[in-house]
Amino acid sequence: MTRFEKLKSQIDPKKLPNHIAVIMDGNGRWAKKKGAGRLYGHKNGVESVRAIVEASVEIGLKYLTIYAFSTENWSRPEDEVKGLLKLILDSLVNEIDQMSKNNIVVRFIGSNDNLSLEYQKKIQDECKKSWNNTGLNFNIAMNYGGRLELIDAIKEMMPEIISGDINKDNLDEKIFEKYLYTSDIPDPDFMVRTSGEKRLSNFLIWQSAYTELYFTDILWPDFKKEAFLEAILDFQNRNRRFGGV
Ligand code: IPE
Ligand code: IPE
Ligand code: MG
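Mind the numbering: the sequence shown is residues 1329 to 1573 in my numbering, read in order.
Quick look at the structure:
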């Protein structure tokens, strides 16, 4: 038995999280340790994405969301930003057929601000190839920021507020959530962040109100299937109370 198979056999399918969100962090530091440029780290990070997507399919996970590019990441050097945008699109193009074969539904969530129409269309056209699938829902948070998502939701709601369809008597969490990028995605029950940083960095801030958090020092390009299963095993030993007793 491989170490992966051993860990997999320890997972209780009845206690599997429904939705795992991942903050992939540490590509730059990983590359630096190797004496290479930051983009080398990002390229190697794609291998870790492939690994955890495969592991997610193998264990029968329903939802996986990864943080690929934040609204704050535009502040990085121009070369890195350009490289990241290209890497994200190229990886999607390279992987979409294999992911489709694995019955994965691929979606991008985030803002369109600052992304060219051409880029948006390419992403959309690739993702569409997977939309008849019924397996793992794989969401890529790209140009995503939790605060911008809340502002965008209010902007989307505005016409219905003006018409009176939404008013202060009927507005509740359920209605509000319909206007988020994640309207048809359940809240994550588990969030993993690599590289030792312990913060959300504007990721799914509304949706993570009751999410279990997991931090590991492993840098993203070193985070592989086994580390992912170890994280899930940690989740399975937790006691979630949701404000109750
Ligand atoms: C995460 O790695 C990838 C993205 C933010 C796109 P970083 O690039 O943040 O790596 P560090 O944190 O500088 O090591
Ligand atoms: C969070 O990582 C964003 C992504 C993983 C896409 P960052 O490296 O950008 O976050 P900070 O700067 O450490 O908060
Ligand atoms: Mg970082």
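In this text, a Cβ means the ideal position worked out from N, Cα and C, and glycines have one as well.
query: Going straight from the alpha carbon of Leu1389 to that of Thr1462, what length do you get?
result: 12 Å
- request: If I'm right that Gly1292 touches Ser1523 with Cβ under 8 Å, what's the distance once you round it to whole angstroms?
  value: No information on residue 1292 is available, as it lies outside the stretch 1329 to 1573 that the chain covers here.
message: Give the list of continuous alpha helix (DSSP H) stretches no shorter than 4 residues that lie fully inside the stretch 1485-1545.
response: 1501-1505
field: Heavy atom of ligand 1 within 7 Å of Met1352 beta-carbon
entry: yes
message: I'd like to know whether the C-beta atoms of Gln1535 and Pro1549 end up nearer to each other than 8 Å.
response: no
query: Among Pro1487, Lys1336 and Ile1533, which residue has its Cα nearest to the Cα of Ala1349?
result: Ile1533
task: Quick one: measure Cβ to Cβ for Glu1540 and Leu1335, integer angstroms, because I've assumed they're closer than 8 Å.
output: With a Cβ gap of about 18 Å, Glu1540 and Leu1335 do not count as contacting.
- prompt: Cβ of Val1377 within 8 Å of Cβ of Leu1415?
  reply: no
Start and end residues, alpha helix (DSSP H) containing Asn1440: Per DSSP, Asn1440 belongs to no alpha helix (DSSP H) and is neither H nor E.
query: Within the present structure, is the beta-carbon of Gly1365 separated from the nearest heavy atom of ligand 3 by less than 7 Å?
result: no
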